[in-house]
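As given, the protein sequences belong to chains A and B, one line each in that order. Note that my numbering has the first sequence beginning at 21, numbered continuously upward. Note that my numbering has the second sequence beginning at 21, numbered continuously upward. Working notes, structure below.
There are 2 protein chains.
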Amino acid sequence: MMPRILGVLGGMGPLATVDFMDKVISATPASRDQDHVPMVAASVPQVPDRTAAIEGDGPSPLPAMLDGIRRLERGGAESIAIACNTAHYWYDEMQAETELPIFHIADMAIQTLDEGVAHVGILATAGTISAGIYADRLTAAGMAAVVPDDADQNALVMGGINAVKAGDVAAGGDLLAKAADALRAKGAERIILGCTEVPPGLAAADEMRDDCVDATDALARACVDWAMVDKADALKTA
Amino acid sequence: MMPRILGVLGGMGPLATVDFMDKVISATPASRDQDHVPMVAASVPQVPDRTAAIEGDGPSPLPAMLDGIRRLERGGAESIAIACNTAHYWYDEMQAETELPIFHIADMAIQTLDEGVAHVGILATAGTISAGIYADRLTAAGMAAVVPDDADQNALVMGGINAVKAGDVAAGGDLLAKAADALRAKGAERIILGCTEVPPGLAAADEMRDDCVDATDALARACVDWAMVDKADALKTA
Numbered sequence: 021m022m023p024r025i026l027g028v029l030g031g032m033g034p035l036a037t038v039d040f041m042d043k044v045i046s047a048t049p050a051s052r053d054q055d056h057v058p059m060v061a062a063s064v065p066q067v068p069d070r071t072a073a074i075e076g077d078g079p080s081p082l083p084a085m086l087d088g089i090r091r092l093e094r095g096g097a098e099s100i101a102i103a104c105n106t107a108h109y110w111y112d113e114m115q116a117e118t119e120l121p122i123f124h125i126a127d128m129a130i131q132t133l134d135e136g137v138a139h140v141g142i143l144a145t146a147g148t149i150s151a152g153i154y155a156d157r158l159t160a161a162g163m164a165a166v167v168p169d170d171a172d173q174n175a176l177v178m179g180g181i182n183a184v185k186a187g188d189v190a191a192g193g194d195l196l197a198k199a200a201d202a203l204r205a206k207g208a209e210r211i212i213l214g215c216t217e218v219p220p221g222l223a224a225a226d227e228m229r230d231d232c233v234d235a236t237d238a239l240a241r242a243c244v245d246w247a248m249v250d251k252a253d254a255l256k257t258a
Numbered sequence: 021m022m023p024r025i026l027g028v029l030g031g032m033g034p035l036a037t038v039d040f041m042d043k044v045i046s047a048t049p050a051s052r053d054q055d056h057v058p059m060v061a062a063s064v065p066q067v068p069d070r071t072a073a074i075e076g077d078g079p080s081p082l083p084a085m086l087d088g089i090r091r092l093e094r095g096g097a098e099s100i101a102i103a104c105n106t107a108h109y110w111y112d113e114m115q116a117e118t119e120l121p122i123f124h125i126a127d128m129a130i131q132t133l134d135e136g137v138a139h140v141g142i143l144a145t146a147g148t149i150s151a152g153i154y155a156d157r158l159t160a161a162g163m164a165a166v167v168p169d170d171a172d173q174n175a176l177v178m179g180g181i182n183a184v185k186a187g188d189v190a191a192g193g194d195l196l197a198k199a200a201d202a203l204r205a206k207g208a209e210r211i212i213l214g215c216t217e218v219p220p221g222l223a224a225a226d227e228m229r230d231d232c233v234d235a236t237d238a239l240a241r242a243c244v245d246w247a248m249v250d251k252a253d254a255l256k257t258a
């Protein structure tokens, strides 16, 4: 059978795109090239800054992201995964503009949390935090969101994310690990890594602990499950 | 300025595609997302085996590769890099079917060799070796190609490459490192890693030595140089 073609809206940042594609490959049961999930990717990083736009300090990235979605449609994608948490602020607008189903990374991450977990930390951009992309969904599911205080969010989380984006992956990871420890001290039982730059940073700093929930990985696994459904079956339920 | 959009013909295998994109990112002087090379990628791994086709044991991968090139054209690519050495057996046929310039990975690797190097080992698929993709170009440049004997090519090189493709990256790298040592014993001063699965394998096995010439990296660097040319300048020389 030919698996379904996944479209990857990337470039936000470029390293996160590669990390997501790598996680799709790792999550796929395969013994040869032809068993893997087919992907088309648009990693065009010339997209206005997402956090700045959410905070009212810059132009909307939506037109550039819709341009990326058009590239994926023309390339033959049958669904879309967005390798950037903050971009999900514009999820409804993007979904309204395409016939292709778009996965929501926060839903994919939250559905992996164990029953009984009550306090969930969030390591994410200032834009993702202030937009409530994770917190709103955690609250709806009966859990409490634990977020960094403003000083940590600025110095450790955004400092770490920007270091990863600039290529200083391990140094960024060290900052992010300090932010994770602060969330643990505030009672977080699990920590959602809700920015695609966070997992490669923590991994490079050897700080990817058991309480970390890698949202990129959760999205990748959901995409593999989707791609591997037999097309004939998929048409029956569509 | 907006850099030019690179098309990545991938999926052969999927991990090699990610490794190539990662090397483009690493080779780019960038301090923020927007400084990076825009890429569209077609990583559709349902392509018939390239080595089998070259050896007359299977169908041609050319139609599937041309389908990937069409996806890249429709996605807005302005040139094409192929993240698979063996696929370059069909380079002329592919270039004849697209207006976009296609980089040749072997030319990009060979142009990085230091003056005075006379004996160059090749770690590549049986298809790449038997087709002379590297050897013909090395000979034309006045160098001698050093290739594994048939037993090593089969057990160590193809065994290692297939292990990497199946996800056993470090185990594959151990086999490839043994093959590299055999080439050194035969007098190779440099060893071209002429299959995209070889560099991640050797890196995972901690066997990426100074005499190794990573063809994937050479291709990535050439692509970054191309993408970063100002479009106005590029039009003048086109």
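Even for Gly, the Cβ is constructed at its ideal location relative to N, Cα and C.
Near A:G6, what residues of its chain come up, given a Cβ to Cβ distance below 7 Å and the 5 sequence neighbours on each side ignored?
Outside the displayed range of chain A (21 to 258) lies residue 6 of chain A, so it cannot be described from this structure.
Would you call the CB atoms of A:P168 and A:A205 closer than 7 Å?
Not in contact: A:P168 and A:A205 (Cβ atoms no closer than 7 Å).
Sort out for me which residues DSSP pairs B:V140 with in a bridge.
The partner list for B:V140 (beta bridge, DSSP) reads B:A165 and B:R210.
Would you mind sorting B:N174 into buried or exposed? The rule is 16 or more other CB atoms within 10 Å of its CB.
Its Cβ having fewer than 16 others within 10 Å, B:N174 is exposed.
DSSP beta-bridge partners for B:C232?
According to DSSP, which records beta bridges pairwise, B:C232 is partnered with B:I211.
In whole angstroms, what separates the C-alpha of B:L203 from that of B:R210?
Taking the straight line joining both Cα atoms gives about 9 Å.
Have a look at A:A190, A:L29, A:G221 and A:A224 and flag the residue whose alpha-carbon is nearest the alpha-carbon of A:R90.
The residue with the shortest Cα to Cα distance from A:R90 is A:L29.
In chain order, what residues of the same chain lie with their CB nearer than 7 Å to the CB of B:D39, ignoring the 5 residues before and after it?
Excluding positions up to five away in sequence, the list reads T216, P219, P220 and T236.
Based on DSSP bridge pairs, tell me the residues matched to B:I100.
Answer by DSSP bridge pairing, in chain order: B:G27 and B:I122.
DSSP three-state call for B:A225: helix, strand or coil?
DSSP places B:A225 in coil when its eight states are reduced to three.
Quick one: is A:A164 buried, meaning 16 or more other Cβ sit within 10 Å of its Cβ, or exposed?
The residue is exposed, with fewer than 16 neighbouring Cβ atoms inside 10 Å.
Quickly, what does DSSP pair A:M59 with across the bridge? List them, please.
According to DSSP, which records beta bridges pairwise, A:M59 is partnered with A:L26 and B:S63.
Could you give the distance in angstroms between the alpha-carbon of B:T145 and the alpha-carbon of B:A197?
Approximately 15 Å, taken between the alpha carbons.
Quick one: which residues of the segment 41-57 of chain B get their C-beta closer than 9 Å to a C-beta of chain A? List them in chain order.
Flagged, chain order: M41, D42, V44, I45, S46, T48, A50, S51, R52, D53, Q54, D55, H56 and V57.
Going by the beta-carbon positions, is the gap between A:M178 and A:P23 smaller than 7 Å?
Against a cut-off of 7 Å, the Cβ pair of A:P23 and A:M178 comes out as no contact.
Nearest CA to the CA of B:A155: which residue from B:I130, B:S80 and B:L176?
Among B:I130, B:S80 and B:L176, the Cα nearest to that of B:A155 is on B:I130.
When you compare only the Cα positions, how much space is there between B:E227 and B:D194?
Taking the straight line joining both Cα atoms gives about 8 Å.
Just the chain A side, please: which residues come within less than 7 Å of B:L222 by C-beta, in chain order?
Those within 7 Å of B:L222 in chain A number zero; the least Cβ separation is about 18 Å.
Can you pull out the residues from the segment 57-75 of chain B whose beta carbon lies closer than 9 Å to at least one beta carbon of chain A?
Cβ contacts with chain A come from V57, P58, M59, V60, A61, A62, S63, V64, P65, Q66, V67, P68 and D69.
Under a three-way DSSP split, which group does A:M32 fall into?
Looking at A:M32 - three-state DSSP - the assignment turns out to be coil, as it is neither helix nor strand.
So, is A:G162 buried or exposed, given that buried needs 16 or more other C-beta atoms within 10 angstroms?
Classification of A:G162: exposed, given that the 10 Å Cβ count is below 16.
Please report how far the alpha carbon of B:P68 lies from the alpha carbon of B:T148, in whole angstroms.
Between B:P68 and B:T148, the C-alpha separation is close to 15 Å.
Listing by chain order, which chain B residues have their CB less than 8 Å from the CB of A:V38?
Ordered by position in chain B, the residues that pass the 8 Å Cβ test against A:V38 are V38, M41, D42 and I45.
Is any beta-carbon of chain A found at less than 7 Å from that of B:L26?
Not one chain A Cβ lies under 7 Å of B:L26.
Whose Cβ in chain A lies nearer than 8 Å to the Cβ of B:A186?
Result: A50, S51 and R52.
Under 6 Å Cβ to Cβ from A:L86, same chain only, skipping five residues before and after it: list those, please.
Taken in chain order, the residues that qualify are E117.
Chain A beta carbons: is any one of them nearer than 7 Å to that of B:M22?
Yes, B:M22 lies at the interface with chain A (some Cβ there is under 7 Å from its Cβ).
May I ask you to report which of helix, strand or coil DSSP gives B:E93?
It is helical.
Within the 7 Å Cβ cut-off, does B:P219 reach chain A?
So, not an interface residue.
For B:A186, which three-state DSSP category applies?
Here B:A186 sits in coil by DSSP.
So, is A:A258 buried or exposed, given that buried needs 16 or more other C-beta atoms within 10 angstroms?
Unreliable positioning characterises A:A258 in this predicted model, as indicated by a pLDDT of 40, which lies under 50. The coordinate reading is nonetheless provided below. Exposed.
Only counting the same chain, and skipping five residues up and downstream in sequence, which positions put a Cβ closer than 6 Å to that of A:A126?
I153, Y154 and R157.
Mark B:E98 as exposed unless 16 or more other C-beta atoms lie within 10 angstroms of its C-beta, in which case mark it buried.
Buried.
Report the neighbours of A:L35 on chain B: residues whose CB is nearer than 7 Å to its CB, in chain order.
I45, listed in chain order.
In the segment 72-101 of chain B, which residues sit with their C-beta less than 8 Å from some C-beta in chain A, listed in chain order?
Result list: R91, L92, R94, G95 and G96.
Could you check how far apart the C-beta atoms of B:V44 and B:V57 are, in whole angstroms? I think they sit under 8 Å.
Yes, they are in contact, since the Cβ atoms of B:V44 and B:V57 sit about 6 Å apart, within 8 Å.
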